[in-house]
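Visitor: To convert, take the position in the first sequence, counting from 1, and add 974; that gives my numbering. Here it is, the structure, as structure tokens.
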Amino acid sequence: MARYNPKDVEAKWRAIWDERETFRTPDAGEGGRAKYYALEMFPYPSGRLHVGHVRNYAMGDVIARFKRARGFNVLHPMGWDAFGLAAENAAMERGVHPKTWTYDNIAVMREQLKLLGVSIDWSREFATCDPAYYGRQQALFLELYKRGLAYRKEGVVNWDPVDMTVLANEQVVDGLGWRSGAPVEKRRLTQWFLRITDYADDLIDGLKTLERWPDKVRLMQENWIGRSSGLKVTFPFADEARTGGVEVYTTRPDTLFGASFVAIAPDHPLADEIAAADPAAAAFVAECRRGGTSEAEIEAGEKKGYRTGLAVEHPFDPSWRLPVWIANFILMDYGTGAIFGCPAHDQRDLDFARKYGLPVTPVVLPPDADAATFAVGDEAYVGPGVAFNSRFLDGLAVDAAKAAAIARAETDGIGAGVTVYRLRDWGVSRQRYWGCPIPIVYCEACGAQPVPVDQLPVVLPDDVAFDKPGNPLLRHPTFRHTTCPACGGKAVRETDTLDTFVDSAWYFARFADPFAAAPINGAAADYWLPVDQYIGGVEHAVLHLLYARFVTRALADDGVLSVREPFAGLFTQGMVTHESYRRQNGDWVEPAEVDIEQEGETRRARLIDTGEAVIVGDAEKMSKSKRNVVSPEAIADAYGVDAARLFVMSDSPPERDVQWTTGGIKGAWRLANRIWDQFDAQPPGTGVAPGDDAAAVALSRSTHRLIKALTDAIEGFRFNSGIARVYAFVSELEASPARSASPSLLAARAEALSALARLIAPFMPHLAEEAWASLGAVGLVAEAPWPTYDPALAAEDALVLPVQINGKRRGEVRLAPGAGEAAARELALEDDAVKRHLVGLSVRKVIVVPDRIINIVASPA
RNA sequence: GCCCCAGUGGCGAAAUGGUAGACGCGGCAGACUCAAAAUCUGUUGGCCGCAAGGCCGUGUUGGUUCGAGUCCGACCUGGGGCACCA
């Protein structure tokens, strides 16, 4: 018996795969096989791989290896989402250049990924910070610009007044800048936007076609786009000297007669105008600008308003005056940036009205309520009902009243029924260095001009410093200053860079041919796209996945791509968590520093060095700050890569978080050894046709059942259940040891092991190769076809059906599969245990679910 | 504030509306060992019982059904997202 030595074995097989180019991507159409594009969300090169990455890439690898075995031409590439904020933070904190930091991290992580034995075609690797990539992205940006899909307008950013810099939401902590500690302000800047709202309907409608996406993600995208229909209606100014009025958007036009005020966003042009003449209003607007731009902050904050001197007329009654307020919870980006408040039927309006003493008039009468007595207390009524107190709408149900109000507004020429979206255009300008430069120059005479395509890429200069706050491109001696491509006069470059989500919105298309001169090789993309299976974290459910869908549509309309949906199948996998440990003084300590002892059923954690008791915290996402990180190398050293891959896929369903535990990885390691022992004990050269003695037949049946179960488990992303079947199967093999097996059982074992090597290959590819070779098989298991099963052998041969009486299990009967209902009923009623429980009862009904269960409904005689 | 998800043994979990707890971890008992580790075998939801067996049990609560962990309603608890982290 040779002990399984993963360190040597794993390295050996990786070298062989490399040398034979086992995972080279086949050419389009090669071998007449169907294509399969398996893709994991490419990583941000943040430093080192953690076991969360291991899980993500191992899952993708299961799919890639499985599909290869099933005869597909598989594309399984890898790259780096390499631009981003962390590189600039590193530059500021450690004085290292973002480029150096990024490429160093890539080098480390590439080696770590290779260590995992993931079946990637490394020849297609690229990083988004390579000029060869982002230069082509600039060309795509200019295409969008040419088509009017990229444009400039004012947008709101978080501004740190001390550091004089724009902050990301994550850099705003409790309304303060994370470095300076200064209160953050909202500031308006002119920025580039992509017109994703043009595709709002298409993006919603397309969701219906994405049958292999989680419902959850589709729902999140639908809510994010937030299509609603309602009424845009103008409340005319009451002041004769003013023309026009305040245009509001409402989804509840049926409640117009319950209006008690009109409120506008602090960023509304009218608010600017009022603030210019009213210092108190200006102070209120300034107060609203304090704090961050995130929706959570705005919506969860205290609702505040300022009553302007302005009044407007009700659109359906010029004699009815309503006050105009400025309110901090109105978003300028949604609808028209102004609302009318109907406190009786909207909770936020009600809170506002109660706070400021505004009238509350109910106009929707709930079913069963009495119009004379119905009143709204602290809770707005948002349910169904009939309009009342509402003049021409009286008596109409909510939906009919909405339609009638819209119709009247349209007839009167004061409003129109409209569809609006919560989705806003995608702001892509970032006032940062480490990103893709926006290929635009500004000429005093000609205005904004695209950089001619033959002058691309606009390369990021390397000679920048981060000793001063703000975007170093602004201070660069030469980068900014250039000439106008139109008139040749003096011009300055755009110094903003593109949001890194732009980088990841088309990379999957670049992988189809990463060497093409054009950004996207149309023929290659036609063959490989869409991505058949995309795998990544659910945190990308909306932004990345929505942007990629948008860009794919834009490029399809441009004729560059022939698909409108980039990802036919999506799987969102859970994270790897770990307990966190801290000392009595609150300092976090690493798992490697902690010794855990089990005494009976209680666990004790102490520091290895000092024996100090350690406080064990909940399992949480691994993070550097809590030091609850385990390194893949240490695991690979101790247990091998295969055991680590197996464990992260075996212990929880893949979409859920999995908790990393020492016991768990040891269990996986034990399985690897038990599997190896089975192969090691099997004499070579035994035939693969099992004989007909009972033990051989039983094992053969189990083998075929296992093939079916594992095939289904992989197809259905139920890796944990599949692996559980492998455990059970190995136990069965151990119960029929080779040393005491008859020739026919040996043959059945040979059949079983041949299947097993191929079935475990997606999960434990190195061990599978070693096992495959030990059987004397020709070629690599990575290139072997997936085993097939005989449905007749995989089917159950004898069934034990439970018999219930009134839903309680009272006995069981043995039946052949497919036995008729009558036979089942008869057997059940004859069973001794059943008879005993039926004493004193009379049978009312017998329900037979074929091959499942028999339920006898009985009641006292 | 809005949206989404999840609650099943000591723990991770399994279960097309049909035997709840497969499989793994941990525990307990045993084998091997001078001993320990490793490995192997048995056992392991709770309660009652010598046993056969019985009763209870999937966050709480109400409903649909011959039958509910699963479907529907209300609630409780925990987690995630909210547009400049990726």
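Think of the CB as a built atom: it goes at the ideal place given N, C-alpha and C, for glycine as much as any other residue.
Taking the beta strand (DSSP E) that L1205 falls in, what are its first and last residues?
Guide: Residues R1201 to P1210.
Visitor: Does the contact criterion of 3 or more C-beta pairs under 8 Å hold for the region 1522 to 1535 versus the region 1035 to 1047?
Guide: no
Visitor: Can you list, in chain order, the residues of its chain with a C-beta nearer than 7 Å to that of A1439? Leave out the 5 residues immediately preceding and following it.
Guide: P1446
Visitor: When the Cβ atoms of the region 1068 to 1083 are set against those of the region 1363 to 1376, are three or more pairs found closer than 8 Å?
Guide: no
Visitor: Just tell me which of T996, L1163 and A1061 has its CA closest to the CA of S1097.
Guide: T996
Visitor: Just how far apart, CA to CA, sit A1729 and A1056?
Guide: 41 Å
Visitor: Taking buried to mean at least 16 other C-beta atoms within 10 Å of its own C-beta, is R994 buried or exposed?
Guide: exposed
Visitor: Pull up the CB-CB distance for A1802 and V1774, whole angstroms please, since I reckon it's below 8 Å.
Guide: Not quite, the Cβ-Cβ distance comes to about 12 Å (not below 8 Å), so this is no contact.
Visitor: Which of helix, strand or coil does DSSP assign to C1417?
Guide: strand
Visitor: CB-CB under 8 Å to E1128, same chain, minus the five flanking residues each way: which ones, in chain order?
Guide: R1162, L1163, T1164 and Q1165
Visitor: Would P1836 and R1322 qualify as a contact pair, given that the criterion is a beta-carbon distance under 8 Å?
Guide: Residue 1836 is absent from the model: the chain starts at 975 and stops at 1835.
Visitor: Just the Cα atoms here: how many angstroms apart are Y1028 and R1713?
Guide: Per the sequence shown, the amino acid found at residue 1028 is Val instead of Tyr. If I take the Cα positions, the gap works out to 38 Å.
Visitor: Measuring CA to CA, which of A1255, G1614, D1399 and V1622 is closest to K1278?
Guide: A1255
Visitor: Express the C-alpha separation of H1071 and R1578 in angstroms, rounding to a whole number.
Guide: 45 Å
Visitor: Measuring alpha carbon to alpha carbon, tell me which residue in E1276, A1460 and T1208 is nearest D1386.
Guide: T1208
Visitor: How would you write the range of the alpha helix (DSSP H) that T1452 sits in, first residue to last?
Guide: Unbroken run through T1452: none, as it is neither H nor E.
Visitor: Report buried or exposed for P1051, applying the criterion of at least 16 other Cβ atoms within 10 angstroms of its Cβ.
Guide: buried
Visitor: To the nearest angstrom, report how far apart C1103 and C1410 are at their CA atoms.
Guide: 7 Å
Visitor: Classify G1053 as helix, strand or coil using the three-state DSSP reduction.
Guide: coil
Visitor: If H1288 and G1232 are in contact, beta carbons under 8 Å, what's the gap, nearest whole angstrom?
Guide: That pair is no contact at about 11 Å.
Visitor: Do you know how far the Cα of V1140 is from the Cα of Q1405?
Guide: 7 Å
Visitor: Tell me W987's beta-bridge partners as DSSP assigns them.
Guide: The partner list for W987 (beta bridge, DSSP) is empty, contrary to what the question assumes.
Visitor: Which residues mark the beginning and the end of the beta strand (DSSP E) in which E1221 is found?
Guide: G1219 to T1224
Visitor: Go ahead and pull the three-state DSSP assignment for C1316.
Guide: The three-state reading of DSSP puts C1316 in coil, since its state is none of H, G, I, E or B.
Visitor: Is the separation between the beta-carbon of M1596 and that of I1697 shorter than 8 Å?
Guide: no
Visitor: Give the secondary structure of H1552 by DSSP, where H, G and I count as helix, E and B as strand, and everything else as coil.
Guide: strand
Visitor: Label P1253 either buried or exposed according to how many other C-beta atoms from any shown protein chain fall within 10 Å of its C-beta, with 16 as the threshold for buried.
Guide: exposed
Visitor: Is the Cβ-Cβ distance between R1619 and L1090 less than 8 Å?
Guide: yes
Visitor: Count the other CB atoms within 10 Å of the CB of K1206; is the residue buried (16 or more) or exposed (fewer)?
Guide: buried
Visitor: Under a Cβ-count criterion, where at least 16 other Cβ atoms within 10 Å of its own Cβ denotes burial, should I1582 be classed as buried or exposed?
Guide: exposed
Visitor: Would you mind giving the Cβ-Cβ distance between F1167 and G1401, rounded to the nearest angstrom? I have them listed as a contact below 8 Å.
Guide: Yes, F1167 and G1401 are in contact; Cβ-Cβ is about 5 Å, under 8 Å.
Visitor: How is E1708 classed by DSSP in three states: helix, strand or coil?
Guide: Reduced to three states, the DSSP call for E1708 is helix.
Visitor: Taking only heavy atoms of the ligand ATP into account, decide whether any of them is closer than 7 Å to the Cβ of F1453.
Guide: For the structure depicted, the ligand ATP is absent and the ligand set is empty, with no information on it obtainable.
Visitor: Looking only at C-alpha atoms, which of D1806, D1805, A1250 and A1793 sits nearest to P1824?
Guide: A1793
Visitor: So, are the CB atoms of L1727 and R1699 less than 8 Å apart?
Guide: no
Visitor: Check H1288 in the structure and name its three-state DSSP category.
Guide: strand
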